[in-house]
Structures are given as C-alpha cells and as structure tokens.
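S.K.: Mind looking over this structure? Questions follow.
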Amino acid sequence: MSTDLNSPRSRIAIIGGGIIGLSIGWRLAQAGLSVDLFERDQVGQSASRAAAGMLAAAVEAEPGEQTLVPLCVASREMWPAFAQELEAASGLPVGLRQEGTMVVALTRDDVETLRSNYDYQRSLGLEMEWLTGAAAKEREPFLNPRTAAAVYSPRDGQVDNRLASAALRVALEKAGGRIHEGVTVTGLEMAGSRVTGVRLGDHVHAADQVVLAAGAWSRLLPGLPVPPPVRPVKGQMLSLQMDPAAPLLRHVVWGPKCYLVPRADGTLIVGATTEEKGFDNQMTAGGVLALLEATWRTLPGVEELPIKEMWHGFRPGCRDDAPILGWALGVEGLMLATGHHRNGILLTPITADAVAAMMLTGHVDERIRAFGPGRFAPARAA
Ligand code: FAD
Ligand code: GLY
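If you're matching positions, the sequence shown starts at 10 in my numbering and goes up one per residue.
This is the structure:
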C-alpha cells in the first residue's frame with residue numbers, strides 16, 4: 010500500500026502517544042499527511058517515561074537475538090542524526106550522550122559470565138573492548154575497588170527519553186500533527202475488512218490508515234481479529250541525585266543485577282527489575298532493595314546520595330522479544346508498531362523511518378522485513 014498525498018488515503022490516526030506513536034506521527038506529518046494522535050492519558054508518560062534511555066545495542070545483546078541485533082545497531086547509529094534533527098525541529102534538547110557503556114564484574118563468577126557474553130557479542134561483530142579491573146577503575150574511579158574486569162562498548166550511549174518524548178511532541182505539532190490527550194480509542198471502525206477510522210466511545214474519527222502504537226496495551230484494543238502477542242513486562246526503577254559538578258559516573262555502567270545511567274544534571278538512574286506480573290501497579294520493598302543493594306555493590310559511594318524518585322513501567326514484551334512492525338493480518342490499513350520490549354527508545358529512529366516509509370510508499374525496508382506480524386500467523390494446514 011502507498012500513499013498519494015492528494016488522495017483520501019492521507020488521513021492518519023495513531024493510537025498511543027509513547028515515543029513510538031509520537032515519532033511515527035512526526036515523520037508522517039513532515040511528509041504532509043494529516044495526522045491525529047490519540048492518547049488516553051498524557052503523551053510520553055508510560056514506558057517511554059519509565060525507561061532509562063540506554064542505546065545498548067551491544068551490551069544488551071543476548072543469545073538468540075542474532076536477528077534483532079542488526080536492527081538495534083542500525084537504529085543506534087541513526088540516533089545522532091535523529092537527535093540533531095529533532096532538537097532543531099523542536100528547539101528542545103534530548104540529552105544524547107556518547108561516552109560509551111561499561112559492564113563490570115566483581116567476582117570470579119561475574120568474570121566468567123562477562124567473558125561468555127563478551128565472546129558471544131564479539132562473534133556478532135559488535136565492537137567491545139576487554140578491560141582489566143585496574144583499567145576499568147581508571148575510567149571510572151568510584152567503582153567498587155574489588156572490580157575484577159570490565160567490558161567497554163564504545164558505541165552504546167544514552168538519550169534522555171523524557172526529554173526526547175517532550176521534543177517529539179513539539180516537533181509533531183510544529184509539523185502540523187494534532188495530539189488529543191485524555192482520549193481513549195475504544196475500537197476500530199471498519200468497512201468490511203478495511204479500517205475506516207477509530208472509535209472514541211460514541212464518536213468515530215475517520216481515518217484512511219491507522220497506526221496501533223499502544224505499547225504494552227496493544228493487544229487489548231477491542232475488535233482486533235489477530236491481537237499482537239504483546240504483554241506487559243514490569244520494571245521498577247529509581248533515581249539518586251549526584252553532585253552534577255562531581256558525578257560518581259560518566260559512562261552508563263552495568264553491574265551485576267543493575268544498570269546505572271548518569272544524566273548531565275547529576276541524576277543517577279538505577280534499573281531495573283524484570284517481572285512477569287501483568288499490569289501490577291506496585292513498587293515493592295524487595296524490588297527496591299535488590300536494586301539498591303546491587304548499586305551499592307557496584308558503586309559504594311552511592312550510600313550518601315539522596316533518593317530522588319521511584320517509579321515503574323511496563324515494557325511491551327513480544328513473544329519473541331522483538332518488535333512487530335508491519336501491516337496487521339486481517340485488517341487492511343492497520344499498521345502495527347509495537348512490542349519494542351527492552352529497546353523501544355533505542356529502536357525509535359529506525360521504527361519511525363521504516364514505518365513511515367511503508368505507509369508513504371509501500372516500501373519495506375530490508376532491515377525490518379523479519380519483524381512483520383506475519384511471523385505470528387497461525388500455521389496453515391497443507
Ligand atoms: P508506551 O510508551 O508505553 O506508550 C504507549 C501509549 O499508548 C501509552 O501512553 C498509553 O497510555 C497509550 N494507550 C494504550 N492504549 C490506548 C488506547 N486504547 N487509546 C489511547 N491511548 C492508548 N528501552 C530502551 O531502548 N532503552 C532503555 O534503557 C529502556 N529502559 C527501560 C526501562 C524500563 C523500566 C522500562 C519499563 C522500559 C525500558 N525500555 C527501554 C523500553 C522502552 O521504554 C519501551 O520499549 C518504549 O518506551 C515503548 O514505547 P511505546 O510508545 O511503544 O509505548
Ligand atoms: N533496556 C533496559 C530495560 O528494559 O530495563
């Protein structure tokens with residue numbers, strides 16, 4: 010399917026105002042389409058606010074993710090230009106930092122795990138450097154003195170996801186898109202198998218193409234013939250306040266059972282639990298204790314830092330941990346952009362560009378071909 014800007018195919022409705030819906034909306038509005046984005050709460054307040062903003066294409070690569078890693082690497086490499094364009098379009102900063110990421114090991118056990126991950130990640134062609142404990146502490150002097158070894162990933166950086174969502178909101182509106190907050194999409198309006206709009210309670214908003222970007226809630230939209238297999242994967246997080254003039258860390262650092270993300274204003278983000286508890290809305294003593302204990306072991310100087318904030322969020326976890334990008338099965342005109350799981354901030358630039366290209370020209374970017382909804386189609390009898 011392609012879009013002629015003068016044709017009636019050019020009215021777009023987007024369901025969900027996280028970083029994914031906002032960025033796709035921005036690209037489509039830039040191309041001259043009429044974009045209406047519906048967010049039941051306020052934009053950028055769900056997973057896109059909860060995230061740490063790591064662009065961790067290399068250090069988060071796990072066995073079994075051979076197909077996903079090239080997508081993550083491609084998107085990471087797009088971030089600098091994307092950030093620059095977004096900052097120029099919105100007039101707002103997004104806090105991209107490119108100091109690189111370190112993964113540290115404290116015990117002999119940790120070193121063995123680190124070595125095995127390092128070997129795997131290097132076998133995928135990812136750029137990583139093995140550091141002795143002494144070399145790691147030279148780069149980050151406040152690490153635990155017992156730090157035994159580390160891996161340095163020079164190209165894995167971070168962006169401030171909250172700033173990025175705020176900038177996308179402004180950029181989308183400046184490009185002519187309309188954002189409707191406090192408006193829940195309750196279903197799809199259909200003519201036969203083709204979508205003709207979105208239902209907002211009693212009201213129908215007509216649209217020629219609809220994007221489902223509702224994060225962890227995507228499969229709950231009523232009326233989907235094949236709901237995308239996306240579930241909430243809960244993550245608890247907290248942040249501490251460092252002295253911005255004398256921060257304890259400069260790099261993103263992964264310790265055993267935690268990651269630490271230093272922002273320019275001295276905020277130190279500490280993440281994260283990974284819990285299969287549905288949409289459970291509680292912070293728990295056990296979750297916070299585990300994060301603080303792991304942080305203290307990695308960076309003992311945190312002991313005196315004030316706690317700034319605690320929060321949780323829901324990763325949109327897909328059955329195979331990879332995003333779902335492409336035309337929905339069984340509903341003509343419905344685009345799926347969901348299931349970004351642990352990597353939605355990292356994958357924003359490539360998702361926005363590739364999904365917008367599919368909707369504008371019908372062109373399927375080779376880099377996303379493996380991530381279409383077709384991979385979950387029920388097997389047909391021969
Ligand atoms: P969301 O941001 O959740 O947005 C979906 C929106 O849809 C919500 O605002 C919701 O209100 C709205 N919505 C749902 N249903 C409806 C409806 N029917 N009508 C209207 N609106 C609706 N990724 C990284 O790349 N790096 C990280 O370091 C990182 N850290 C993370 C840490 C944690 C603790 C968590 C939870 C996630 C992390 N992620 C990270 C993952 C990343 O946050 C997500 O993949 C990404 O934010 C998903 O964006 P989204 O727009 O799809 O979803
Ligand atoms: N990518 C970090 C997380 O999901 O916790």
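Heads up, the beta-carbon is just placed ideally off N, CA and C, and yes, glycines get one too.
Predicted model, so just to flag it, every value in this text is computed and none were measured.
Would the C-beta of V194 count as close to the ligand FAD, meaning under 6 Å from any of its heavy atoms?
M.R.: Yes, the Cβ of V194 comes within 6 Å of a heavy atom of the ligand FAD.
S.K.: Ignore the nearest five residues each way along the sequence and tell me which others in G186's own chain have a CB closer than 6 Å to its CB.
M.R.: For G186, where only same-chain residues beyond five positions count, the Cβ hits under 6 Å are G34, A38, V44.
S.K.: Can you determine whether any heavy atom of the ligand GLY sits closer than 6 Å to the C-beta of G322, and answer yes or no?
M.R.: Result no, Cβ not under 6 Å from the ligand GLY.
S.K.: Cβ atoms of A158 and G134: under 7 Å apart, would you say?
M.R.: No, they are not a contact pair.
S.K.: In chain order, what residues of the same chain have a beta carbon less than 6 Å from the beta carbon of R62, not counting five sequence neighbours either side?
M.R.: Per the sequence shown, the amino acid found at residue 62 is Gly instead of Arg. Cβ neighbours of G62 beyond the five flanking positions: Q167, V168, D169, N170, I354.
S.K.: With a Cβ-Cβ cutoff of 7 Å, do A92 and G322 count as a contact?
M.R.: In this structure, G322 does not lie closer than 7 Å to A92 by Cβ.
S.K.: Just to confirm before moving on: does the CB-CB distance between R85 and A70 stay below 7 Å?
M.R.: No. Outside cutoff.
S.K.: Which whole runs of the alpha helix (DSSP H) in the segment 48-124 are 4 residues long or more, in chain order?
M.R.: Listed in chain order, the complete alpha helix (DSSP H) runs (minimum 4 residues) inside the segment 48-124 are 56-59, 77-99.
S.K.: Specify the secondary structure class of V364 as computed by DSSP and reduced to three states.
M.R.: Looking at V364 - three-state DSSP - the assignment turns out to be helix.
S.K.: Under a three-way DSSP split, which group does K266 fall into?
M.R.: In the structure shown, K266 sits in coil (DSSP, three-state: anything other than H, G, I, E or B).
S.K.: Closer than 6 Å: is that where the CB of R351 sits relative to any heavy atom of the ligand GLY?
M.R.: R351: yes, Cβ under 6 Å from the ligand GLY.
S.K.: Determine the closest residue to D165 out of Q51, T110, D128, G224, with distance taken between C-alpha atoms.
M.R.: Ranking the options by Cα distance to D165, first place goes to T110.
S.K.: Taking the alpha-carbon positions, what's the A216 to L115 distance?
M.R.: Distance between the alpha carbons of A216 and L115: 55 Å.
S.K.: Can you check DSSP and say which residues form a bridge with R208?
M.R.: Beta-bridge pairing links R208 to G196, V213.
S.K.: Run through the DSSP bridge pairs and tell me what R20 is partnered with.
M.R.: Bridge partners of R20: S43.
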